[in-house]
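Student: Following this message is one structure expressed as structure tokens.
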Amino acid sequence: MYPINVVLNKKLNGLHYYNRIILPFKAHILKVIVSSNIITDFSPKSKKIFIREKEEFTSVYFLDYKDLNDALSKFDAIKMVVVEKGKDVFDFNNHIKISLYLEPGHKVKIEECDQDIILLE
Amino acid sequence: MNKNSIILATFVLLITFFICDDVFAGNYDIAIEDTVTNAQDIELAGKGDSLIDYLMVIPFAILLLMIATGPIFYPHFWENHYPKVAVGIGSAVAIYYLAVLNDHHSLLDSLAEYLSFIALLGSLFVASGGILLRVDKKATPLVNVLFLLFGAVMANVIGTTGASMLLIRPFIIMNKDRIRAYHIIFFIFLVSNIGGALTPIGDPPLFLGFLRGVPFFWVIENVWFIWILPIIIILVIFYIFDYTNKSGGSLKGDKEYSGMIKFEGYRNVFYLCIIIIAVFLDPAVISWVPSLHPLPIGIREIIMFSVMIISYKRADQSILRLNEFDFEPIKEVAYLFIGLFIAMIPALQVIASQAQIHADKLNAGVFYWATGSLSGFLDNAPTYLNFLSAALGKEGLDINNTADVRHFVSIDVIYLRAISVAAVFFGAMTYIGNGPNFMVKSICERAGIKMPSFFTYIVKYSVPILIPVFILVWAIYFR
Chain A
1 MYPINVVLNK KLNGLHYYNR IILPFKAHIL KVIVSSNIIT DFSPKSKKIF
51 IREKEEFTSV YFLDYKDLND ALSKFDAIKM VVVEKGKDVF DFNNHIKISL
101 YLEPGHKVKI EECDQDIILL E
Chain B
1 MNKNSIILAT FVLLITFFIC DDVFAGNYDI AIEDTVTNAQ DIELAGKGDS
51 LIDYLMVIPF AILLLMIATG PIFYPHFWEN HYPKVAVGIG SAVAIYYLAV
101 LNDHHSLLDS LAEYLSFIAL LGSLFVASGG ILLRVDKKAT PLVNVLFLLF
151 GAVMANVIGT TGASMLLIRP FIIMNKDRIR AYHIIFFIFL VSNIGGALTP
201 IGDPPLFLGF LRGVPFFWVI ENVWFIWILP IIIILVIFYI FDYTNKSGGS
251 LKGDKEYSGM IKFEGYRNVF YLCIIIIAVF LDPAVISWVP SLHPLPIGIR
301 EIIMFSVMII SYKRADQSIL RLNEFDFEPI KEVAYLFIGL FIAMIPALQV
351 IASQAQIHAD KLNAGVFYWA TGSLSGFLDN APTYLNFLSA ALGKEGLDIN
401 NTADVRHFVS IDVIYLRAIS VAAVFFGAMT YIGNGPNFMV KSICERAGIK
451 MPSFFTYIVK YSVPILIPVF ILVWAIYFR
């Protein structure tokens, strides 16, 4: 498990299997956009997303999809607004916008959103 | 190619095969005689002969209802199954026309119009997706007003689809610290719809009128003063909305703006030019352009589909990535509109027959409201043609005769004005009123902007803002 900044700087990748992505960090997830779905309900009752944190990684299940590959093009990313665990979630300077691109071989490329990628909080 | 794409392609191919079957068999003339044409429908309906089954309007109503209610009440089902629903409902109507009415021609006409529609929209969508416009400028109400005005004018040069795709991202980025749904709604009103009322490139109905014989510059010469009124009023209303929006200011503190406007993807500008030139490549406009009749596709559509493929294959990958290019918005339009184009055939035939029956009672105001109210929910291109046909019918002229259309344009300007502006303006009334509306909505949702539902859009924005403006246009110009 790494801090998000380390993951971004070292360009560490995540993994994806069907509707599940595995991220090598723990974070407070504030907003997720996948395709045209805007997800802000991360409660256990959410019908769109289920998040499970393990000691070594975070699993995110997208319940609306059988396979994320069917929903996303190669230029399309899952976008997230996240805050490092332990940091002040109310300080907007701690909010990090990341893009997750699905790549062959079950890899997920994790990047900080480019200024031209639009992700509104 | 995924499963849904195969369903759509198979459906289009099957329809083409069935409706062209007589033609390929060399029985085209017989097919024409045996078939109930749209014009014959109208004539017979006028004599009280009921060939049109009014009940067949129900599938269209169901599809409209599902488009309106699906994303709200059963989003999971709708997101996963809307392609099957649209194609299924379209198939039911197609089977009825083929098996019961033996009417190949209505389907062939609709299919040809659909392919023209999707070729233009798709090619503009893909070509403009390879262009990146960076605007590093602080959005103020005045800057936004100027931006929307620029978009409205541009819609006449590269079409409402091209202008919407090109400008929606810079508009969101400029306003990212203070954006609200109304920003996008006004963008849809002005850039995706009303703005494009000045040239045949602007919006598909005007393009169809141009193909039927309305001179290219007739629209701008006869409509510009009507166009200005809603543009100014809606911009003023937008300014008031935007002025009272005090949510400005970056969440991460004040940002320095360079005022820079940067443009990338010049190659795709060249592709956009090819698409715009291709608009004119029609046998009805240029005599040496070969007709591919009886195929429901022409040289123009082949060029547009080719440009779509080439511009995607040769586009700068980094620009596509920054634009988060995805075929989903155009796929959504393609699926929903194949169902709508086929399912609305009976509805349009009912309109056409009623318009012919009541031709004597039709005045400019009736043409304006009837064309407009239907264009908000049906596709505005065939609606425009049917009311143009009815207007020509009042003078004993035929819409299929270019000389008749040119003669009509010279004697009866007000009807064509009413039909032209209503078909374009009222497309802004709903998400399904015009192709780009859906695309803009989809792009905004991908950016994280919560867009109003189908009904909220109508109740909260269209009715209170657009209807008073449209009433004013009617009171001044068409009453």
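Protein chains in written order, with the working numbering: chain A, 1 to 121; chain B, 1 to 479.
Ideal Cβ positions, reconstructed from N, Cα and C, are used throughout, including at glycine.
1. If A:D79 sits next to A:L119, beta carbons under 8 Å apart, how far is it from one beta carbon to the other, in whole angstroms?
2. Going by other Cβ atoms of all chains shown within 10 Å of its Cβ, with 16 needed for buried, is B:M308 buried or exposed?
3. Taking Cβ-Cβ distances below 7 Å as the criterion, which residues of the stretch 431-451 of chain B are in contact with chain A?
4. Just the chain A side, please: which residues come within less than 8 Å of B:L65 by C-beta, in chain order?
5. Less than 7 Å between the beta carbons of B:A364 and B:A418, yes or no?
6. Can you grab the Cα-Cα spacing for the pair B:P346 / B:I234, in whole Å?
7. If we cut at 7 Å on Cβ distances, does B:L320 have a partner in chain D?
8. Does A:L68 come within less than 7 Å of chain B when only Cβ atoms are used?
9. Count the CB pairs spanning the stretch 56-73 of chain B and the stretch 307-322 of chain B that are closer than 8 Å, and state whether there are at least three.
10. Bridge partners of A:N37, per DSSP?
11. Tell me which same chain residues have a C-beta within less than 7 Å of the C-beta of A:C113, skipping the five on either side of it?
12. Pick helix, strand or coil for B:R178, following the three-state DSSP scheme.
13. Against chain B, with Cβ distances strictly below 7 Å, would A:L119 count as a contact?
14. Around the C-beta of A:K54, are 16 or more other C-beta atoms found within 10 angstroms, so that it is buried, or is it exposed?
15. Does A:K45 pass the burial test, meaning 16 or more other C-beta atoms within 10 Å, or should it be called exposed?
16. Return yes when the Cβ of A:V83 is within less than 7 Å of the Cβ of A:H122, no when it is not.
17. What in chain B is Cβ-close to A:I33, meaning under 7 Å?
18. Quick check on DSSP: helix, strand or coil for A:H16?
19. Using a C-beta cutoff of 7 Å, does B:F325 count as contacting chain A?
20. Give the residues of chain B in contact with A:A27, contact being defined as C-beta atoms less than 9 Å apart.
21. Can you give me the Cβ contacts of B:G46 inside the same chain, cut-off strictly under 6 Å, excluding the 5 residues immediately before and after it?
22. Show which residues of chain A have a CB atom less than 7 Å away from the CB atom of B:I172.
23. Any beta carbon from chain A within less than 7 Å of B:K137's own beta carbon?
24. Tell me, please, whether the CB atom of A:F42 is closer than 7 Å to any CB atom in chain B?
25. Among the residues of its own chain, which have a CB less than 8 Å from the CB of B:A391, if the five just before and after it don't count?
26. Hey, B:P436 and B:S164: beta-carbon distance below 7 Å or not?
27. Is the separation between the beta-carbon of B:P296 and that of B:L348 shorter than 7 Å?
28. Give me the Cα-Cα distance between B:K150 and B:S453, rounded to the nearest whole angstrom.
29. Relative to the C-alpha of B:S410, which residue among B:P215, B:N268, B:E445 and B:N386 is closest?
30. When you compare only the Cα positions, how much space is there between B:V126 and A:Y65?
31. Roughly how many whole angstroms lie between the Cα atoms of B:I319 and A:T58?
32. Using a beta-carbon distance below 7 Å, is A:L8 in contact with chain B?
33. Among B:E301, B:I467, B:L388 and B:E324, which residue has its Cα nearest to the Cα of B:S373?
34. Would you check if the distance between the CB atom of B:A447 and the CB atom of B:I172 is smaller than 7 Å?
35. Which stretch, first to last residue, makes up the alpha helix (DSSP H) that contains A:M80?
36. Which runs of the alpha helix (DSSP H) spanning at least 4 residues fall entirely within the stretch 141-224 of chain B, listed in chain order?
Tutor: Quick look at the numbers:
1. Going by the sequence as given, residue 79 of chain A is Lys instead of Asp. Right, their Cβ atoms sit about 5 Å apart.
2. buried
3. S442, E445, R446, A447, G448, I449 and K450
4. Here the premise fails: no neighbours, minimum Cβ distance about 21 Å.
5. yes
6. The straight-line gap from Cα to Cα measures roughly 35 Å.
7. Protein chains A and B are contained in the structure displayed, whereas chain D is not.
8. No, A:L68 lies away from the interface with chain B (no Cβ there is under 7 Å from its Cβ).
9. no
10. A:V34
11. K79, K97, I98, S99 and L119
12. Shown here, B:R178 sits in coil according to DSSP, grouped into three states, outside any helix or strand.
13. yes
14. exposed
15. Classification of A:K45: exposed, given that the 10 Å Cβ count is below 16.
16. Because chain A here runs from 1 to 121, residue 122 of chain A falls outside it and cannot be looked at.
17. R446 and G448
18. strand
19. yes
20. Ordered by position in chain B, no residue passes the 9 Å Cβ test against A:A27, which lies about 17 Å from the chain.
21. In this prediction, B:G46 has a pLDDT of 42, which is less than 50 and means its spatial position is unreliable; what the coordinates show is noted afterwards. Result list for B:G46: Q356 and I357, in chain order.
22. Proximity of chain A to B:I172 at the Cβ level (cut-off 7 Å) is accounted for by I118, in chain order.
23. By this cut-off, B:K137 is not an interface position.
24. no
25. L362, F367, F408, D412, Y415, L416 and I419
26. yes
27. no
28. First, the amino acid is wrong: residue 150 of chain B is Phe here, not Lys. C-alpha separation (whole angstroms): 27 Å.
29. B:P215
30. 26 Å
31. 31 Å
32. No, A:L8 lies away from the interface with chain B (no Cβ there is under 7 Å from its Cβ).
33. B:I467
34. yes
35. Where A:M80 is concerned, there is no enclosing alpha helix (DSSP H), although the beta strand (DSSP E) it sits in stretches over I78 to E84.
36. Runs of alpha helix (DSSP H) with 4 or more residues, each lying fully within the stretch 141-224 of chain B, are found at 141-174, 181-190 and 204-212, listed in chain order.
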